[in-house]
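From first to last, the protein sequence lines stand for chains E and C. Using numbering that gives the first Met the number 0, you'd call the opening residue of the first sequence number 0 and step up by one each time. Using numbering that gives the first Met the number 0, you'd call the opening residue of the second sequence number 0 and step up by one each time. Just so it is clear, CB atoms sit at the ideal spot from N, CA and C, and this is done for glycine as well.
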Amino acid sequence: MITMSENSTPVAEPNDEQGHALLTKHDVNRVIARWYITCEMSLNYERMQSISYTYSLIPVLKKLYPKKEDLIPALQRHLELFNTNATAGGLILGTTLAMEEQKSQNPDSIPGESVVAVKTGLMGPVAAFGDSFSAGTITTLFILASCALAQTGSIAGFWLLLIGTMYTLGELIVFTHLTYTKGRSAIKDILNSSLMKDIIEGANVLGMGMMGALAASMVTLSIAITATFNEATLTVQDKIDGIMPGLLSIAVLFLYYWLISKKHVSVVKLVLFTIVVALACSAIGLF
Amino acid sequence: MSGAQLVLMAVVMGLMYWIARGMIGGYFAFFYIASPIVVGVVAGLIFGDVTKGLIIGGGIAAAFAGIIAPGGNLPTDSALAATTVIPIALATGLSVEQAIAFAVPMGLLGAFVTNLRKAVNVIFVHRADSYAAEGNTAGITRCAILWPPLIELPLLFLPVFLVVMFGQDAMLAFMNVVPAWVMNGLQVAGGVMPAIGFALIMNMIGKPQMIPYTIIGFILVKAIGLNNITAGLMVGCVAVLVVMARREMEKGKAGA
């Protein structure tokens, strides 16, 4: 283990005003690996991911704060509540590393509370970005494409899903290194950059379109009622398909969308509601 | 299934659920080990029919697709559904639709299990606090990666192990008494369920003004008959055009 006191010469000279080069690429990667593997293992209602976050930082904190009296407050501040989308959370992880590094060089430059404040201030926006973009759009599209392959019995679905999972790791690696290298102010520039805006806007349009395309192939609902007039049998489903194929499926999609966005109905209630309505309609022979 | 094969299946399914929902391996566990597709492949390997496992797993995964866990709250648990229903479906010869019908209510039970885990893990917060006060990093490490998986072992492994061990006979008995309309109703629910996930994602990524894109996507596949990849390419082109059009407009405004 490398040990350094504040008075000794660092292994590498800081190469800018933020005191970079104290942490090596290896140090950063070690934190990334720890975080990726353990991020949700100690998840709990009181502080969510905080124990895992502290655990991930331990090697770096030990290197930056060789004295126990400096290490203890560092450990304590990272045990404060923390919860975000873990892979987009690389944006926060890199920022934290940059701030801790700067603080270890000059303890008065950043009070401990601002490290906590930056983390808690960012975790909401980063979670919103990660849940909608990484988990909601990119990973979901991988999952759905894998489902489509698997349902035909093709093992390619198994491998495609692995690629989609590796995307999350790649995202964490890129975001952490990017924000660590660029320093604490970088995250705002990244989240506000016009390229990022374009990517998110484009992904949202693609996502919205794909939800329709996937609903068309994966949501199935048809009405079983038939009526017989004289000799001719009339199927209600045929009449509906005559208006627009799959009208029921897309109607159900928009019903759920309306319940979620306007009525704020929880998912558990929606699932229960679906089961109850489906059973009731099945009992009376509607579906 | 019986004898050693059944015990092996029950142990492996229990371990997979423990890894998946104990999140041992983080998002790799969450997205991959927990996926009904992967559970289907593993169960299929043990049973001796990987293709059947894939098909059932793919069907269950589709029913739960799009349901992500914002803020770590899992509304319904595809991993519990997969690790319990797939082995039983393979052993008793259920159809994909029948498997989905049983997976839907099972998923709801799983949400309780994962919430229980988050409550149990609170114990380690206070331990970690006292270790931090002593500067004991090894103690924090144990609270992060050792105690939670250990305490969750009975919580996550046992229910799945027991259901797989004893579920086959129960399922066969149940299939003989359950009325046809109940099975049909659950199948209908399974067919509609993906729409909940899609609606959640629409609510997260889009404003109501973006609904026309959804309708376009739907028509491309349902009425025009394109496959999803072709439809995706077309919608992708629309996305690029939309972004470029907005850029041009902003440039125009800046120039004026």
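Against chain E, does residue i count as a neighbour if the rule is that its beta carbon must be under 7 Å from one of theirs?
i, result
"Ser-34 (chain C)", "yes"
"Lys-221 (chain C)", "yes"
"Lys-117 (chain C)", "yes"
"Gly-47 (chain C)", "no"
"Leu-53 (chain C)", "yes"
"Ala-137 (chain C)", "no"
"Phe-30 (chain C)", "yes"
"Ala-9 (chain C)", "no"
"Trp-180 (chain C)", "yes"
"Cys-236 (chain C)", "no"
"Gly-92 (chain C)", "no"
Is residue i helix, strand or coil by DSSP?
i, result
"Phe-217 (chain C)", "helix"
"Thr-83 (chain E)", "coil"
"Leu-96 (chain E)", "helix"
"Phe-272 (chain E)", "helix"
"Leu-42 (chain E)", "coil"
"Thr-234 (chain E)", "strand"
"Thr-178 (chain E)", "helix"
"Thr-219 (chain E)", "coil"
"Glu-16 (chain E)", "Here Glu-16 (chain E) scores only 46 on pLDDT, less than 50, and its place in the model should not be relied on; the value that follows carries that caveat. The answer is coil: DSSP assigns Glu-16 (chain E) none of H, G, I, E or B."
"Phe-228 (chain E)", "strand"
"Met-0 (chain C)", "coil"
"Met-47 (chain E)", "strand"
"Phe-27 (chain C)", "helix"
"Pro-178 (chain C)", "coil"
"Met-15 (chain C)", "helix"
"Ser-108 (chain E)", "coil"
"Ala-238 (chain C)", "helix"
"Asn-226 (chain C)", "coil"
"Met-243 (chain C)", "helix"
"Ala-64 (chain C)", "coil"
"Ala-33 (chain C)", "coil"
I need the straight-line Cα distance from residue i to residue j, nearest angstrom please.
i, j, result
"Met-174 (chain C)", "Leu-205 (chain E)", "42 Å"
"Ala-169 (chain C)", "Ile-85 (chain C)", "15 Å"
"Glu-100 (chain E)", "Ala-126 (chain E)", "24 Å"
"Ile-87 (chain C)", "Ile-137 (chain E)", "32 Å"
"Cys-280 (chain E)", "Phe-286 (chain E)", "6 Å"
"Val-270 (chain E)", "Ile-195 (chain C)", "8 Å"
"Gly-111 (chain E)", "Asn-227 (chain C)", "50 Å"
"Gly-2 (chain C)", "Val-117 (chain E)", "56 Å"
"Ser-4 (chain E)", "Leu-90 (chain E)", "In this prediction, Ser-4 (chain E) scores a pLDDT of 39, lower than 50, which makes its location untrustworthy; no coordinate-derived value is stated."
"Gln-167 (chain C)", "Gly-156 (chain E)", "27 Å"
"Trp-180 (chain C)", "Thr-273 (chain E)", "15 Å"
"Asp-287 (chain E)", "Val-242 (chain C)", "The structure shown has nothing for residue 287 (chain E), since chain E only spans 0 to 286."
"Met-47 (chain E)", "Leu-80 (chain E)", "6 Å"
"Ser-41 (chain E)", "Tyr-54 (chain E)", "10 Å"
"Ala-143 (chain C)", "Gly-135 (chain E)", "27 Å"
"Ile-154 (chain E)", "Pro-72 (chain E)", "50 Å"
"Val-95 (chain C)", "Leu-171 (chain C)", "16 Å"
"Arg-246 (chain C)", "Leu-160 (chain E)", "34 Å"
"Val-27 (chain E)", "Val-266 (chain E)", "38 Å"
"Val-264 (chain E)", "Phe-197 (chain C)", "15 Å"
"Thr-37 (chain E)", "Val-124 (chain C)", "15 Å"
"Leu-254 (chain E)", "Ser-260 (chain E)", "10 Å"
"Thr-234 (chain E)", "Phe-30 (chain C)", "42 Å"
Of all Cβ atoms in chain C, is any one closer than 7 Å to the Cβ of residue i?
i, result
"Pro-106 (chain E)", "no"
"Tyr-54 (chain E)", "yes"
"Ser-281 (chain E)", "yes"
"Val-115 (chain E)", "no"
"Val-270 (chain E)", "yes"
"Ile-36 (chain E)", "yes"
- prompt: Three or more beta-carbon pairs under 8 Å between the segment 207-219 of chain E and the segment 198-210 of chain C, yes or no?
  reply: The segment 207-219 of chain E vs the segment 198-210 of chain C: in contact.
- prompt: Can you give, in chain order, each stretch of the alpha helix (DSSP H) that sits fully within the segment 83-122 of chain C and has at least 4 residues?
  reply: Secondary structure within the segment 83-122 of chain C: the alpha helix (DSSP H) runs of 4 or more consecutive residues, fully enclosed, are 95-119 (chain order).
query: With a cut-off of 8 Å, do at least 3 Cβ pairs link the segment 121-137 of chain C to the segment 51-64 of chain E?
result: Counting Cβ pairs under 8 Å, three or more are found: they touch.
- prompt: Counting pairs of Cβ atoms below 8 Å between the segment 244-254 of chain C and the segment 236-243 of chain E, do you hit three or more?
  reply: Verdict: no, contact absent.
message: Quick check: the segment 144-162 of chain C against the segment 17-31 of chain C, are at least 3 beta-carbon pairs closer than 8 Å?
response: Three or more pairs of CB atoms, one per stretch, sit closer than 8 Å, so the segment 17-31 of chain C contacts the segment 144-162 of chain C.
field: Segment contact flag, the segment 87-102 of chain C with the segment 54-63 of chain C, C-beta cutoff 8 Å, min 3 pairs
entry: Between the segment 87-102 of chain C and the segment 54-63 of chain C there are three or more inter-stretch CB-CB distances shorter than 8 Å, so the stretches are counted as touching.
- prompt: Is the segment 168-185 of chain E touching the segment 47-57 of chain C, taking contact as three or more C-beta pairs under 8 Å?
  reply: Here the segment 168-185 of chain E does not lie against the segment 47-57 of chain C, with fewer than 3 beta-carbon pairs under 8 Å apart.
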